[in-house]
Amino acid sequence: MTYNIAILGASGYTGAELIRLIAGHSSIEIKALGAFSKAGQAVAQVYPHLRHLDLPPMVAFDQIDWTGIDLCFCALPHKTSQEVISGLPRDLRIVDLSADFRLRDPEAYQKWYGNPHAAVEMQGEAVYGLTEFYRDEIAGARLVAGTGCNAATGQFALRPLIEAGVIDLDDIILDLKAAVSGAGRALKENLLHAELSEGYHAYATGGSHRHLGEFDQEFSKVAGREVRIQFQPHLIPANRGILGTAYVKAEAQAVLDTLASAYQDEPFIEVLPMGEVPSTRHVRGSNYCHIGVAADRLPGRTVVVAALDNLTKGSSGQALQNANLMLGINEVEGLMMAPLFP
3 MTYNIAILGA
13 SGYTGAELIR
23 LIAGHSSIEI
33 KALGAFSKAG
43 QAVAQVYPHL
53 RHLDLPPMVA
63 FDQIDWTGID
73 LCFCALPHKT
83 SQEVISGLPR
93 DLRIVDLSAD
103 FRLRDPEAYQ
113 KWYGNPHAAV
123 EMQGEAVYGL
133 TEFYRDEIAG
143 ARLVAGTGCN
153 AATGQFALRP
163 LIEAGVIDLD
173 DIILDLKAAV
183 SGAGRALKEN
193 LLHAELSEGY
203 HAYATGGSHR
213 HLGEFDQEFS
223 KVAGREVRIQ
233 FQPHLIPANR
243 GILGTAYVKA
253 EAQAVLDTLA
263 SAYQDEPFIE
273 VLPMGEVPST
283 RHVRGSNYCH
293 IGVAADRLPG
303 RTVVVAALDN
313 LTKGSSGQAL
323 QNANLMLGIN
333 EVEGLMMAPL
343 FP
């Protein structure tokens, strides 16, 4: 059986990544592509690397005929998603790649994103889209809220450890390096080549990064008590990839055993042997996440390193993984491609 899908926000990086992934999918066909400023253009004009594909043109949202569309990916900016999704057909299954439905508490959304929640009536039906931990809920959901790419990386490294109680919950530091595509495709002065290359810098210092809302929500939920981590992201001059390094108070073998047990049946999570740590080069362009564990020289301290591709496993690959579950398709369909190297 073939399912028809639409992508809103097809001209952005995550929209293009969805098109790339779905091109290799045997059971999904792209029937509509929605865009704002690029409406009226062919995909080949916007993304020449996709010119070999037979795709519909990008059109304004109000020109899309939703008849026969089984699922919609919304790869839109924050706040825009709430407004657009509120106007979509109520029987349409939706995977939202923005932050607009990730936080269950509307007050938390306003705190971290600076504006009131515009679709509170829909928030209750949204399922958090971290596939490996919400698989059953996602399969039966109408609306799935994809995680933040930074939030996914940190949770893959830390969530099983917090749930199992093998680390000190009051002493967790997450240091994260993120590639520039995570900031989106819109023109920004600080992302110009001359401004970004040949160095990297910390941003959202002092606990102001929006993905802390997800960490607070999810870590506190699995711990059964309030958990607040120290988190510092950095922007690196690379196109793709996230490397998250967590510093925890625990015995390294217990950490490795917990992660290996939690992910032993997961097709996209690879836990490395003790002492080996991953690189973003090892997961580039793939839906895989690699996790490494190393004992620190200080007794009772451990380092956990997680690497994933922010556009794939951190966003569009996760979205397709969730869509597969929602449509009753094999979860790994369209996602088993090997990473690109070098």
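The sequence shown begins at 3 in my numbering and counts up by one. Glycine residues also receive a C-beta, built at the ideal position from the N, C-alpha and C atoms.
query	result
Touching by the beta-carbon criterion (3+ pairs, under 8 Å), the stretch 100–119 and the stretch 242–254	no
Nearest residue (CA-CA) to residue 271, options 97, 134 and 142	134
Residue interval of the beta strand (DSSP E) (run including residue 130)	128–130
With 16 other Cβ atoms within 10 Å as the buried cut-off, status of residue 154	buried
Alpha-carbon spacing of residue 267 relative to residue 288, whole angstroms	18 Å
Residue 175, buried or exposed, once every other Cβ within 10 Å from all chains shown has been counted against 16	exposed
Top-ranked residue by Cα proximity to residue 241, from 127, 158 and 185	185
Length-filtered (3 minimum) beta strand (DSSP E) runs lying within the stretch 223–298	232–238, 244–251, 271–273 and 291–297
Under 8 Å between C-beta atoms of residue 125 and residue 108	yes
As assigned by DSSP and simplified to three states, the class of residue 205	coil
Span of the beta strand (DSSP E) around residue 95	95–98
For residue 60 and residue 33, the rounded distance between their alpha carbons	11 Å
Own chain residues within Cβ distance below 6 Å of residue 122, not counting five before or after	108
Residue burial classification, residue 139 (beta-carbon count within 10 angstroms, cutoff 16)	exposed
Beta-carbon proximity list for residue 62, same chain, < 6 Å, skipping 5 on both sides	41
Top-ranked residue by Cα proximity to residue 340, from 189, 284 and 51	284
Nearest candidate by alpha-carbon position, reference residue 293, set 246, 318 and 301	246
For residue 22, the three-state DSSP class (helix, strand or coil)	helix
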